[in-house]
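*Asks:* Questions regarding the structure given below will be posed in turn.
Chains as they are written, first to last, in our numbering: chain A, 1 to 136; chain B, 1 to 179.
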């Protein structure tokens with residue numbers, strides 16, 4: 001059955017988007033995680049990338065997570081002299097996470113997940129139409 | 001989710017014979033029928049796949065299934081950098097229905113001959129030119145959703161057509177649709 005392939009591809013897409021959502025959740029949860037001592041590094045934003053990968057047993061291109069990389073630039077600074085990580089002039093380095101960007105990314109992940117679900121629905125509908133042929 | 005998916009998949013594989021096996025089985029069943037003679041002439045049994053319309057419907061269903069696979073690939077890779085959307089070329093179904101395509105096929109006379117599968121005439125994928133995003137991805141999710149729903153509707157139409165023509169043959173046989 002070739003619908004197998006459609007299902008398998010859509011599932012690979014769903015698990016990739018699920019992984020993406022996990023990274024977004026990590027970023028959002030750590031939006032205020034700073035270092036604990038002066039000169040230490042705050043939480044660094046993580047970025048997930050995807051790549052298409054050929055499934056040789058089925059001859060189709062699935063999707064998989066290519067890698068998760070941490071971004072080293074774009075940290076913010078906040079004036080907070082009493083903070084344990086504050087430097088000599090009273091500034092704390094804050095994570096390079098922008099919650100608005102993360103929320104937008106999250107919405108995109110959600111939409112892509114739904115698109116994959118739609119494909120499964122469509123393939124399922126086609127399959128059940130085929131089964132209906134048996135009913136004459 | 002993945003466990004459910006693989007269970008579902010293996011259940012599907014068990015329930016449905018692949019189309020090729022089914023066709024082979026039908027041919028064998030037809031070949032096993034005793035010859036019917038009328039006035040000394042042998043009347044061959046009816047073979048649905050020799051009717052151009054049914055052959056075309058089978059091909060069309062195969063093509064739509066294959067297209068669903070390609071569309072699923074596009075949707076799954078909607079965030080993959082450098083990936084461009086693909087689509088299947090549409091064969092000339094009109095000629096197929098009218099029985100105009102040549103019936104010439106490669107024949108295997110030795111076990112190590114390579115024969116194209118029945119669905120092997122499906123044309124290759126076409127990369128469509130869509131606007132690419134900054135990361136080089138060219139998949140338009142809206143267009144893909146449109147194509148998926150159109151594909152489902154086409155499939156539905158094809159199976160309905162099949163049922164209607166079977167009903168037509170049954171009417172001609174005088175069984176009035178009952179078995």
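Glycine residues also receive a C-beta, built at the ideal position from the N, C-alpha and C atoms.
Check residue 91 of chain A in the structure and name its three-state DSSP category.
*Replies:* Within the first chain, residue 91 of chain A is the residue found at index 91, counting from 1. Strand.
*Asks:* Any idea if residue 61 of chain A is buried or exposed, counting beta-carbon neighbours within 10 angstroms, 16 or more meaning buried?
*Replies:* Sequence index remark: in the first chain, residue 61 of chain A carries index 61 (1-based). So residue 61 of chain A counts as buried.
*Asks:* Where does residue 13 of chain A land, buried or exposed, given buried means 16+ other C-beta within 10 angstroms?
*Replies:* Counted from its first residue, the first chain places residue 13 of chain A at position 13. With 16 or more other Cβ atoms within 10 Å, it is buried.
*Asks:* At least one CB of chain A closer than 8 Å to the CB of residue 145 of chain B: is that the case?
*Replies:* Taking the first residue of the second chain as position 1, residue 145 of chain B is located at position 145. Interface residue, yes.
*Asks:* For a test of the three-state rule: what should DSSP assign to residue 70 of chain A, helix, strand or coil?
*Replies:* By one-based count along the first chain, residue 70 of chain A stands at place 70. It is a strand residue.
*Asks:* Residue 127 of chain B touches chain A at which residues, Cβ-Cβ below 8 Å?
*Replies:* Translated into the one-based positions of the second chain, residue 127 of chain B becomes position 127. The contact set of residue 127 of chain B on chain A, defined by CB atoms closer than 8 Å, is empty, because the minimum CB distance reaches about 12 Å.
*Asks:* Rounded to the nearest angstrom, how far is the Cβ of residue 5 of chain A from that of residue 69 of chain B, given a contact under 8 Å?
*Replies:* Looking up residue 5 of chain A in the first chain gives position 5. Looking up residue 69 of chain B in the second chain gives position 69. The pair is a contact, with the Cβ atoms about 4 Å apart (cut-off 8 Å).
*Asks:* Please confirm if residue 26 of chain A has its CB atom under 8 Å from at least one CB of chain B.
*Replies:* As a working mapping, residue 26 of chain A is identified with position 26 in the first chain. Answer no: the Cβ-Cβ gap between residue 26 of chain A and chain B never drops below 8 Å.
*Asks:* Do you know whose CA, among B:78, B:171 and B:155, lies nearest residue 131 of chain B's CA?
*Replies:* Within the second chain, the letter at position 131 stands for residue 131 of chain B. With distances taken between Cα atoms, residue 131 of chain B lies closest to B:78.
*Asks:* Measuring CB to CB, does residue 93 of chain A end up less than 8 Å from residue 35 of chain A?
*Replies:* As a working mapping, residue 93 of chain A is identified with position 93 in the first chain. As a working mapping, residue 35 of chain A is identified with position 35 in the first chain. Their beta carbons are under 8 Å apart, which means residue 93 of chain A touches residue 35 of chain A by this criterion.
*Asks:* Would you call the CB atoms of residue 140 of chain B and residue 85 of chain B closer than 8 Å?
*Replies:* As a first step, residue 140 of chain B is located in the second chain; it is residue number 140 there, counting from the start. As a first step, residue 85 of chain B is located in the second chain; it is residue number 85 there, counting from the start. Yes, they are a contact pair.
*Asks:* Residues of chain A with a CB under 7 Å from the CB of residue 71 of chain B: which are they?
*Replies:* In the second chain, the residue the question calls residue 71 of chain B occupies position 71. Neighbours of residue 71 of chain B on chain A, chain order: 119.
*Asks:* Residues of chain A with CB closer than 7 Å to the CB of residue 66 of chain B, please, in chain order.
*Replies:* Indexing the second chain from 1 puts residue 66 of chain B at position 66. Per Cβ cutoff of 7 Å: 2.
*Asks:* On the criterion of 16 or more Cβ atoms from any shown chain inside 10 Å, does residue 117 of chain B qualify as buried, or is it exposed?
*Replies:* As a working mapping, residue 117 of chain B is identified with position 117 in the second chain. Low confidence applies to residue 117 of chain B: its pLDDT is 49, below 50, so where it sits in the model is not reliable, and the reading given next is rough at best. Exposed.
*Asks:* Apart from the five residues just before and just after residue 38 of chain A, which ones in its own chain have a Cβ nearer than 7 Å to its Cβ?
*Replies:* Mapped onto the first chain, residue 38 of chain A falls at position 38. Within the same chain, residue 38 of chain A has close Cβ partners 85, 86 and 87.
*Asks:* Where does residue 129 of chain A sit, in a helix, a strand or coil, going by DSSP?
*Replies:* Sequence index remark: in the first chain, residue 129 of chain A carries index 129 (1-based). Three-state DSSP puts residue 129 of chain A in a helix.
*Asks:* Mind listing the chain A neighbours of residue 141 of chain B? Cutoff is C-beta to C-beta under 9 Å, in chain order.
*Replies:* Counted from its first residue, the second chain places residue 141 of chain B at position 141. Ordered by position in chain A, the residues that pass the 9 Å Cβ test against residue 141 of chain B are 111, 112 and 115.
*Asks:* For residue 135 of chain B versus residue 81 of chain B, is the C-beta spacing smaller than 8 Å?
*Replies:* By one-based count along the second chain, residue 135 of chain B stands at place 135. By one-based count along the second chain, residue 81 of chain B stands at place 81. Closer than 8 Å, so yes.
*Asks:* Answer with yes or no whether the minimum CB distance from residue 49 of chain B to chain A is below 8 Å.
*Replies:* In the second chain, the residue the question calls residue 49 of chain B occupies position 49. No, no contact with chain A.
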